[in-house]
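In numbering that gives the first Met the number 0, the protein residues as written are 0 to 435. I have placed the structure first, in the form of structure tokens, so that the comments after it can refer back to it.
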Amino acid sequence: MDSIKQILGELNNDSFVSLLSKLIGEAKFVQNNPPENLIPQEDKIVNHVLDVLNPFSTANGGPLLINHVSYAPGRGNLIVEYPGTVSGRVVSFVGSHMDVVPADPDTWKFSPFSLSVEGDQLRGRGTTDCLGHVALLTELLKKLAETKLKLKSSVVVVFIASEENNSIPGIGVEQLAKEGYFDALKGGPLYWIDTADSHPCIGTGGQIPWKLVAHGKLFHSGLAHQAINAMELAMEALKVIQARFYEDFPPHPKEQVYGFATPSTMKPTQWIYPGGGLNQIPGECTISGDVRLTPFYNVKDVMTKLKGYVDYINANIEKLDTRGPVSKYVLPNEGIRGRIDLTFGEAMSGVACDLDSRGYKLLHNATKEVIGHVKPYSITGSLPLIRELQEEGFDVHTAGYGLLDTYHAQNEYCLLSDMGNGYKIFASIISQLEQD
Numbered sequence: 000m001d002s003i004k005q006i007l008g009e010l011n012n013d014s015f016v017s018l019l020s021k022l023i024g025e026a027k028f029v030q031n032n033p034p035e036n037l038i039p040q041e042d043k044i045v046n047h048v049l050d051v052l053n054p055f056s057t058a059n060g061g062p063l064l065i066n067h068v069s070y071a072p073g074r075g076n077l078i079v080e081y082p083g084t085v086s087g088r089v090v091s092f093v094g095s096h097m098d099v100v101p102a103d104p105d106t107w108k109f110s111p112f113s114l115s116v117e118g119d120q121l122r123g124r125g126t127t128d129c130l131g132h133v134a135l136l137t138e139l140l141k142k143l144a145e146t147k148l149k150l151k152s153s154v155v156v157v158f159i160a161s162e163e164n165n166s167i168p169g170i171g172v173e174q175l176a177k178e179g180y181f182d183a184l185k186g187g188p189l190y191w192i193d194t195a196d197s198h199p200c201i202g203t204g205g206q207i208p209w210k211l212v213a214h215g216k217l218f219h220s221g222l223a224h225q226a227i228n229a230m231e232l233a234m235e236a237l238k239v240i241q242a243r244f245y246e247d248f249p250p251h252p253k254e255q256v257y258g259f260a261t262p263s264t265m266k267p268t269q270w271i272y273p274g275g276g277l278n279q280i281p282g283e284c285t286i287s288g289d290v291r292l293t294p295f296y297n298v299k300d301v302m303t304k305l306k307g308y309v310d311y312i313n314a315n316i317e318k319l320d321t322r323g324p325v326s327k328y329v330l331p332n333e334g335i336r337g338r339i340d341l342t343f344g345e346a347m348s349g350v351a352c353d354l355d356s357r358g359y360k361l362l363h364n365a366t367k368e369v370i371g372h373v374k375p376y377s378i379t380g381s382l383p384l385i386r387e388l389q390e391e392g393f394d395v396h397t398a399g400y401g402l403l404d405t406y407h408a409q410n411e412y413c414l415l416s417d418m419g420n421g422y423k424i425f426a427s428i429i430s431q432l433e434q435d
């Protein structure tokens, strides 16, 4: 009798590339950045996946249970199950999303919105993140359905909407979890397939988006003694905030164990001011950025600390460093004090995967079997929901088979050979589970 791995075989390259070509052809329509009026229509991806899998659905006499779950028109999630024979036993592959980050064709060497093939390279927006994984898991499901393997564990794949930008809430994976669609996945390992470089990603970072608004007094630049320069106030305040952040949240010893490339960081990434002439000292400006936090620190603790730094600065604004003989943050004769306000966007917690769990051992063994060695790594990039799932008792792990060097980058590509290895790793995990 052939083994599970023999029956599943290798990735059908022609079928995979054909499907991926269709998905990348939709990438223009699934760019996700609502502030720039880019609202993805993930059902354009769903429809291509269904074209492949519907012939094997239970509605058409096949084994696949297909559930298209939408919370907004044209923006569906897709849950596909290949049922096993033992109730409660399951392995799931979750998190491969059907939206992409924006791409400007004028800055690319090739078209981001059509698949091009150059040797082993598969090129286009979404090849690495994350339409390549959507195509890969679709091919796995198709092969399971074609072969009609008898498995003890159900194999469940969850393709998700609205991962790249959650400024429109209630569309994607968080809503699925809230409505109980993940409850049945607790009976076995859950693999979040949205990282890169073919090895287990054993740690991710939390993210805290922040906005610091400095309020001063606008005035003529030739009369600087009568102004409170909001730009100077913002820069000096942020310098204090960052210094105290790094004192309170230094590199953690466990970061070396997990191989994090960077410790926790707080940095500005955007600068906005209301405008005005060169001869006007601005009365307001905004600096925005984010905190990336290794999972050994608590997101809520950090937010509390940051608020405390701001409260201290506002109460002691006179002690803040100034810039030059007339730079100041208080105008006593006018009863005006400069101040800073700090607000946060939606925060996200990172995760440190359980390296002693059954799910990790399966992934580790499969990776070593297929690639020949295992090099786990961690990054302070962030993934939604996984920390919450882990805290609820899920055996959560992350992996991916694109390239970190091209993640969210211009001229994105993946390697067909890496995707083929990913397919074999999935097959090995399924095979190992059957031996339990």
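Just so it is clear, CB atoms sit at the ideal spot from N, CA and C, and this is done for glycine as well. Source: prediction; values computed, not measured.
What three-state label does DSSP hand residue i in the structure shown?
i, result
"Arg88", "coil"
"Val48", "helix"
"Met265", "strand"
"Asp404", "helix"
"Met347", "strand"
"Asp193", "coil"
"Ser56", "strand"
"Ile429", "helix"
"Phe218", "strand"
"Tyr308", "helix"
Let me know if residue i comes out buried or exposed under the rule of 16 or more other beta-carbons within 10 Å of its beta-carbon.
i, result
"Ile65", "buried"
"Asp42", "buried"
"Asp128", "buried"
"Asp289", "buried"
"Asp50", "exposed"
"Asn332", "exposed"
"Ala263", "Reading off the sequence shown, one finds Ser at residue 263, where the question assumed Ala. Buried."
"Thr366", "buried"
"Val350", "buried"
"Lys436", "One cannot answer for residue 436 here, as it falls past the ends of the chain, which runs 0 to 435."
"Gly179", "exposed"
Quick check on the DSSP output: the alpha helix (DSSP H) that includes residue i runs from which residue to which?
i, result
"Leu130", "Leu130 to Thr146"
"Tyr296", "That residue, Tyr296, is in no alpha helix (DSSP H); it is neither H nor E in DSSP."
"Lys210", "Premise fails: Lys210 lies in the beta strand (DSSP E), Gly205 to His214, not in any alpha helix (DSSP H)."
"Leu232", "Ala229 to Asp247"
"Ser20", "Asn12 to Ile23"
"Asn364", "Arg357 to Ile370"
"Glu41", "Here Glu41 belongs to no alpha helix (DSSP H), and DSSP marks it neither H nor E."
"Lys253", "Lys253 to Tyr257"
"Glu390", "Ile385 to Glu390"
Ends of the beta strand (DSSP E) at residue i?
i, result
"Val68", "Leu64 to Ser69"
"His396", "Val395 to Ala398"
"Val79", "Gly75 to Tyr81"
"Val172", "That residue, Val172, is in no beta strand (DSSP E); its alpha helix (DSSP H) goes Val172 to Lys177."
"Leu121", "Gln120 to Arg122"
"Leu414", "Tyr412 to Leu414"
"Ile159", "Ser153 to Ile159"
"Val117", "Residue 117 is actually Glu in this sequence, not Val. Ser115 to Glu117 is the extent of the beta strand (DSSP E) around Glu117."
Less than 8 Å between the C-beta atoms of residue i and residue j, yes or no?
i, j, result
"Thr342", "Lys142", "no"
"Val89", "Ala183", "yes"
"Gly94", "Ile192", "yes"
"Leu292", "Gly205", "yes"
"Val99", "Ala26", "yes"
"Val79", "Val156", "yes"
"Gly83", "Leu150", "yes"
"Leu19", "Gly421", "no"
"Phe295", "Met265", "no"
"Leu63", "Leu77", "no"
"Phe425", "Leu140", "no"
"Pro104", "Gly123", "no"
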